[in-house]
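Notes follow the structure.
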Amino acid sequence: MNELQSDVLVVGGTAGGTAAAIQAARRGVQTVLVSEFPWLGGMLTTAGVSAPDGNELVAFQTGLWGTLLQSLQCQQEGGLDHGWVSFFTFDPRTAAQIFADWVKELPNLHWISGQVPVEVLRDGNAIAGVRFQDFIVKAQITLDGTELGDLLALAEIPYRWGWEFQREWNEPSAPVAPNLLTERYPVQAPTWVVVMQDYGEGATAPEIPAPPIEDCSRFLGAWDNYGPESFLNYGRLPGNRFMINWPIQGNDYGEGVGRLVETAGSRLEFLQEARSHSQSFAKFIQTHLGPRYGLAEDIFPVSIKGVEGDGTFSKQAVLGGGAYALHPYYRESRRLVGVKTITERDILPGVGGRVAPLSVDESGVCDAIALGNYANDHHYPHLESLDPAFKLAPKSIPWGGRWTGTPFTIPYGSLVPVETEGLLVCEKNISVSHIANGATRLQPVVMGIGQAAGMAAALCVEQHCQPRDLPVRMLQVALLQDAIAPTALVPLFNLTPEDGDWLDCQKFYLENPEQYPLNGDRPHKGEFSKTHKTSSIDIKSSIRYSQTNYCQYFIGKLHKQGLQDYAIVLTHPVEMAGQSWSLVTLRAEIDCQLKECQDEQELNIWGRQNSSGNWIIVEELTA
């Protein structure tokens with residue numbers, strides 16, 4: 251059997267695994283990335299969730315996540331303003347090509363596709379490498395970037411699967427004891443995404459065949475409270491396509507979800523059912539909304555041809571391809587028992603604040619290595635009938651004319667096993683409670699976790715140390731000062747890499763976490779430049795440029811309809827005169843301007859129009 255040697259091995263081409271491998275290689279160490287599928291990107295590509303959630307504010311569009319958005323803005327025809335569930339929707343093929351291009355640029359990153367781990371190799375208490383079907387990879391540091399934390403099981407590293415109850419961590423939203431909900435759904439329900447297409451008025455799309463088990467009654471009422479048009483526009487993609495990832499009487503599927511981590515046979519059984527469930531939902535949509543709606547063609551690959559990487563991949567190996575994602579959108583994984591576990595209290599805003607306090611270790615040192623801001627979002631079909639009392643503690647705030655999640659940070663210790671050496675995790679498999687996983691599982695924060703894990707692995711190789719011995723400050727500085735994709739670690743609504751004191755502010759709060767403002771706003775802009783020498787590092791950012799693509803000029807009268815509820819009745823362009831549109835923004839300075847504007851005031855706006863959400867995203871505003 252062939253044996254490869256590498257500094258770093260990343261197992262899994264997921265969102266986190268891909269980010270980890272790219273970051274490790276960009277740091278300069280020899281890296282091997284082994285993926286099951288011929289695309290990289292996981293949730294964002296192979297799982298078809300090309301409508302990411304969280305880290306949408308400009309201040310949080312940093313690191314590899316921000317770089318991905320910039321690349322998508324430039325490469326996705328028509329921009330990213332299509333659906334209403336996310337500010338960014340795109341063709342998954344576009345993102346897959348971007349990831350492949352990034353990998354191709356790195357001669358020290360060797361990508362092998364079409365392989366899954368079979369055995370984890372140990373050297374005493376350390377992970378020494380992984381055996382795959384056709385070869386072995388030995389590495390100093392191995393990263394588990396699989397969708398379901400498969401290395402944790404193979405290596406018999408302690409992990410969690412399922413709910414924790416009130417007695418464990420005193421989480422506000424955790425159930426007191428097991429009940430019908432916790433027994434039926436030990437983890438959140440996955441969704442097998444399918445992409446549908448509008449073939450046009452009067453057209454008849456190919457008929458979607460019925461799956462082996464058909465029960466359309468389970469979808470009745472799916473869009474009753476939204477209407478067909480809003481339902482379809484939820485995940486509208488370029489080219490009159492629709493990402494079908496609908497939680498209300500839709501294609502979430504969690505029946506017997508525990509089978510995913512039992513045996514290979516039980517996992518396959520679950521996957522077949524989940525795939526059939528989505529096919530049935532697609533047929534239901536076609537039947538009830540009309541024959542013009544059918545399956546999109548040639549979205550997901552059915553062979554390795556034309557895809558970067560090597561190895562083998564055939565349609566027989568998966569249930570997806572074409573209109574169907576290559577695997578389900580897994581919302582939860584096996585979760586590491588790590589040096590530090592993120593619980594619900596770590597993601598909730600502080601008393602009277604808009605952000606969670608910065609994560610600190612037992613000695614009081616800030617150990618934040620990534621950030622997120624999504625609301626705590628859990629998916630359980632039939633939740634109301636199983637546990638009507640289950641309610642998640644709120645962690646959202648009105649901001650920029652809409653709602654956003656309160657920011658929180660990810661600690662380094664959640665990536666590190668309690669005892670095992672030579673291993674880091676870099677996906678949804680971090681050390682996190684079942685409840686808190688609802689906020690840490692989203693695509694942008696997972697990319698941040700992956701970037702941090704990849705940087706940590708590279709630094710461990712450079713320093714000849716184990717992950718648990720790596721100084722967290724060294725890791726933080728490396729992430730902040732990365733030459734290609736510097737990433738914010740401290741969430742501040744009004745601080746972006748465009749600000750000259752961005753690096754100084756980030757470092758200041760990492761070193762003084764007790765001074766981190768609970769309102770989430772950096773104090774007066776000149777404060778740091780007066781008291782600290784401005785750093786000479788060049789923070790490369792094209793955020794401003796990319797965000798102004800597809801903008802146009804609007805004039806109209808502002809209507810303040812309530813707290814953070816803004817509308818404009820247009821007078822220009824003339825063809826839109828009299829129309830009312832909501833005003834939203836992802837920029838802190840615009841958020842402040844909108845709050846200060848008077849009702850009935852005339853506004854001049856430079857922004858992007860989103861017909862699905864009936865909003866204009868404001869980039870510049872004068873009154």
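In terms of my numbering, the sequence shown opens at residue 251 and continues consecutively. Just so it is clear, CB atoms sit at the ideal spot from N, CA and C, and this is done for glycine as well.
*At what residue ranges does the segment 274-344 contain a whole run of the alpha helix (DSSP H), taking only runs of 4 or more?*
313-325
*Using three-state DSSP, classify Y449 as helix, strand or coil.*
coil
*Extent of the continuous alpha helix (DSSP H) run through R434*: L430 to R434
_If you reduce the DSSP assignment to three classes, tell me which class W361 lands in._
strand
*asked:* Only counting the same chain, and skipping five residues up and downstream in sequence, which positions put a Cβ closer than 6 Å to that of D611?
replied: D617
_Whole angstroms are fine: how far does the CA of M251 sit from the CA of W496?_
45 Å
*Reduced DSSP category for D841 - H, G, I as helix; E, B as strand; rest coil*: helix
*Rounded to whole angstroms, what's the CA-CA distance from L314 to G698? Just pull it up for me.*
7 Å
*asked:* If you measure between the beta carbons of L487 and S336, is that distance less than 8 Å?
replied: no
*Can you tell me whether D303 is buried or exposed, with buried defined as 16 or more other CB within 10 angstroms of its CB?*
buried
*Taking C-beta to C-beta, are F385 and V366 nearer than 8 Å?*
no
*So, are the CB atoms of L692 and A643 less than 8 Å apart?*
no
*asked:* V260 and L402 - do their beta-carbons sit closer together than 8 Å?
replied: no
*For the alpha helix (DSSP H) holding T654, just list the boundary residues, first then last.*
Unbroken run through T654 is the beta strand (DSSP E), R652 to G655; no alpha helix (DSSP H).
*Inter-residue spacing [alpha-carbon to alpha-carbon] between Y800 and V868*: 12 Å
*Check whether the Cβ atoms of I407 and P694 sit closer than 8 Å, and answer yes or no.*
no
*With K807 and V819 assumed to form a contact (beta carbons below 8 Å), what rounded beta-carbon distance in angstroms separates them?*
5 Å
_Taking 6 Å as the limit between beta carbons, can you name the residues of its chain near A735, skipping five residues before and five after?_
G313, L314 and T317
_Whether or not the segment 427-442 and the segment 501-520 are in contact is what I'm after, with contact meaning three or more pairs of Cβ atoms, one per stretch, closer than 8 Å; do they touch?_
yes
_When you compare the CB positions of L330 and F340, do they come within less than 8 Å of one another, or not?_
yes
*Reference L431, options F415, I458 and Q716, closest by Cα*: F415
_CB of L322 within 8 Å of CB of T344, strictly_ = yes
*asked:* According to DSSP, is C801 part of a helix, a strand, or is it coil?
replied: coil
*So what's F202 in DSSP terms, helix, strand or just coil?*
Any question about residue 202 goes unanswered here, given that the chain covers just 251 to 873.
*Excluding five sequence neighbours on each side, which residues of the same chain lie with their C-beta closer than 8 Å to the C-beta of A309?*
A738, P741, L742, F743, N744, L745, T746 and A838
_Among Q447, S528, Y766 and L539, nearest to E474 - alpha-carbon criterion_ = Looking at the sequence provided, one finds Asp at residue 474 rather than Glu. Taking only the C-alpha atoms, the option nearest D474 is L539.
*In this structure, what does DSSP give as the bridge partners for W752?*
Paired residues: none, contrary to the question.
_D596 versus L665: straight-line alpha-carbon distance, rounded_ = 16 Å
_Using the Cβ count rule (16 or more neighbours within 10 Å means buried), how would you classify H714?_
exposed
*asked:* Taking the straight line between their C-alpha atoms, what separation do you get for C755 and L709?
replied: 24 Å
_Cα-Cα separation, Q716 to L674_ = 10 Å
*Between which two residues does the beta strand (DSSP E) carrying G544 extend?*
Y543 to L545
*Can the beta-carbon of A725 be found less than 8 Å from the beta-carbon of M705?*
Here residue 725 turns out to be Leu, not Ala, going by the sequence shown. Yes, these two residues count as a Cβ contact at 8 Å.
*Does the segment 347-355 touch the segment 286-296, meaning 3 or more C-beta pairs lie closer than 8 Å?*
yes
_Looking at the secondary structure, which residues open and close the beta strand (DSSP E) in which E870 lies?_
W865 to T872
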